[in-house]
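Take a look at the structure below.
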Amino acid sequence: MTAASEQDLLKTPLHSLHLELGARMVPFAGYSMPVQYPAGLMAEHKHTREAAGLFDISHMGQLRLQGPDAAAAFESLMPVDVIGLAPGKQRYGLLLNDEGGILDDLMFFNEGHDSIFVIVNGACKAADLAFIRERIGQRCKVLPMPDHALLALQGPQAAAVLARLSPGIERFVFMTGGAVQIGGIPVFATRSGYTGEDGFEISVAADQAEALARLLLAQAEVKPIGLGARNSLRLEAGLCLYGNDIDTTTTPVEASLNWAIQKVRRQGGAREGGFPGAGRILDQLAVAADLAGHVDQQLLTRRRVGLVALERVPVREGCELQSFEGHPIGQVTSGLLGPTADRPIAMGYVATAFSEPGTRVQAIVRGKPVPMEVSTLPFVPTRYYRG
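The following block contains the structure:
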């Protein structure tokens with residue numbers, strides 16, 4: 047980064063620590079963020095898979111929705127079950143525009159006492175906050191939390207590390223959490239994350255973030271991990287990156303995120319529809335459930351799929367996808383050589399007729415075709431702790 051660009055970027059509360067640890071910093075979502083540390087991306091990826099990696103994700107947005115109507119109000123913006131989420135549990139959600147396009151994907155947690163804690167993507171947080179305030183600000187309090195940092199401790203040894211510093215935290219299971227103390231520092235922790243590994247996301251007051259990070263890094267199992275390995279880990283887990291794999295031009299059904307739409311919000315459910323773009327999305331769900339042909343197939347012309355290259359050639363974002371007859375059928379949205387999968391993997395959108403696992407397609411890489419096969423997701427089995 048140039049000196050001028052560095053000055054224009056926001057900094058997380060851990061910025062000085064990243065520099066002290068020798069991180070290579072890059073612009074990301076308006077922040078100066080660590081892409082990797084001296085050990086390098088491959089070593090960081092492997093360490094997270096084998097032990098515990100500490101990620102600074104403080105660029106992400108945190109907010110609370112409070113009031114007796116908060117759950118119903120928030121549910122009006124997403125095709126997910128907010129009202130039925132029990133206290134102490136977390137769920138993945140999709141914020142939609144009026145056409146059913148995805149404004150952002152997020153996590154939300156029912157804190158009880160009419161309070162919902164929400165985490166949104168860093169690049170979207172200002173727009174998300176404005177949208178939420180405009181749509182439901184009259185129905186509940188919308189309280190941003192700019193004075194909080196967010197850390198993620200991910201990997202098979204994360205629970206043991208935290209249990210040492212916060213006895214009892216290991217009793218949380220995937221997508222649950224609560225207020226605890228880690229080494230005497232008050233935090234809000236959930237057993238979740240975006241790597242496919244077991245782990246925790248930890249919200250902490252900004253002025254205590256560095257002390258918490260240093261405490262965690264002092265544990266033998268923990269090393270700092272940058273955005274590079276975070277990207278390779280989430281892709282192997284088949285997880286979307288907002289702005290690459292999903293955006294306002296994609297609906298949840300096109301993005302193969304049907305699993306995130308609970309039955310209660312679907313056709314025939316107790317609270318069917320009632321979210322932005324509901325007509326389009328419910329029609330697409332009907333197509334996805336009946337591809338044999340009783341519904342207009344043109345309502346769902348493409349799907350997000352996993353792809354595995356049949357030659358050892360990395361296939362990157364932006365590569366065109368073609369049929370073997372040379373007809374354009376889609377585009378790669380994320381791709382790399384998977385460090386754990388040990389093969390070139392990608393995600394992208396293809397015409398619905400080419401979306402079944404096992405279908406052969408080809409990617410055009412520097413003008414040359416690379417054969418690929420549509421794959422089930424994830425590429426590497428997830429290891430979430432469900433009890």
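The sequence shown maps to residues 47 to 433 in the working numbering. Note that CB positions come from ideal geometry on N, CA and C, so glycine has one too.
**Request:** Evaluate H159 with the Cβ neighbour count: other Cβ atoms within 10 Å of its Cβ, from every protein chain shown; 16 or more gives buried, anything less gives exposed.
**Result:** exposed
**Pick from A257, L131, A264 and A206 that is closest to G245, judged by C-alpha positions** = A206
**Request:** For G239, count neighbouring Cβ atoms within 10 angstroms of its own Cβ and tell me buried if that reaches 16, exposed if not.
**Result:** buried
**Asked** Can you tell me the Cα-Cα spacing of A169 and N277, whole angstroms?
**Response** 16 Å
**Prompt:** Where does V219 fall in DSSP's three states?
**Reply:** coil
**Item:** Exposed unless 16 or more other CB atoms sit within 10 angstroms - verdict on A338
**Value:** In this prediction, A338 scores a pLDDT of 47, lower than 50, which makes its location untrustworthy; the coordinate-derived value is nonetheless stated afterwards. A338 is exposed by the Cβ-count criterion.
**Message:** By the three-class DSSP mapping on this structure, what secondary structure does E247 have?
**Reply:** strand
**Asked** When the Cα atoms are used, what is the spatial distance from M88 to I271?
**Response** 10 Å
**Asked** For Q200, which beta-bridge partners are listed by DSSP?
**Response** G99 and G245
**Asked** Could you give the distance in angstroms between the alpha-carbon of M191 and the alpha-carbon of L56?
**Response** 16 Å
**Request:** Since I believe G284 is in contact with F425 (beta carbons under 8 Å), could you give me their beta-carbon distance rounded to a whole number of angstroms?
**Result:** 6 Å
**Asked** To the nearest angstrom, how far is it from the Cα of P374 to the Cα of Y395?
**Response** 11 Å
**Request:** Taking all protein chains shown into account, decide if E402 is buried (16 or more other Cβ within 10 angstroms of its Cβ) or exposed.
**Result:** exposed
**Message:** For E96 and G433, what's the separation of their Cα atoms in angstroms?
**Reply:** 20 Å
**Request:** Measure the alpha-carbon distance for V250 versus T236 and round it to whole angstroms.
**Result:** 12 Å
**Message:** In the DSSP output, what is G158 paired with across the bridge?
**Reply:** S161
**Message:** Going by DSSP in three states, Y431 sits in which element: helix, strand or coil?
**Reply:** coil
**Request:** Tell me, please, which residues DSSP counts as bridged to S401.
**Result:** DSSP output for S401 lists no bridge partner at all.
**Prompt:** Hey, I231 and Q254 are a contact pair by Cβ (cut 8 Å); roughly how many whole angstroms apart?
**Reply:** 5 Å
**Request:** Please state if the CB of A409 and the CB of V378 are separated by a distance shorter than 8 Å.
**Result:** yes
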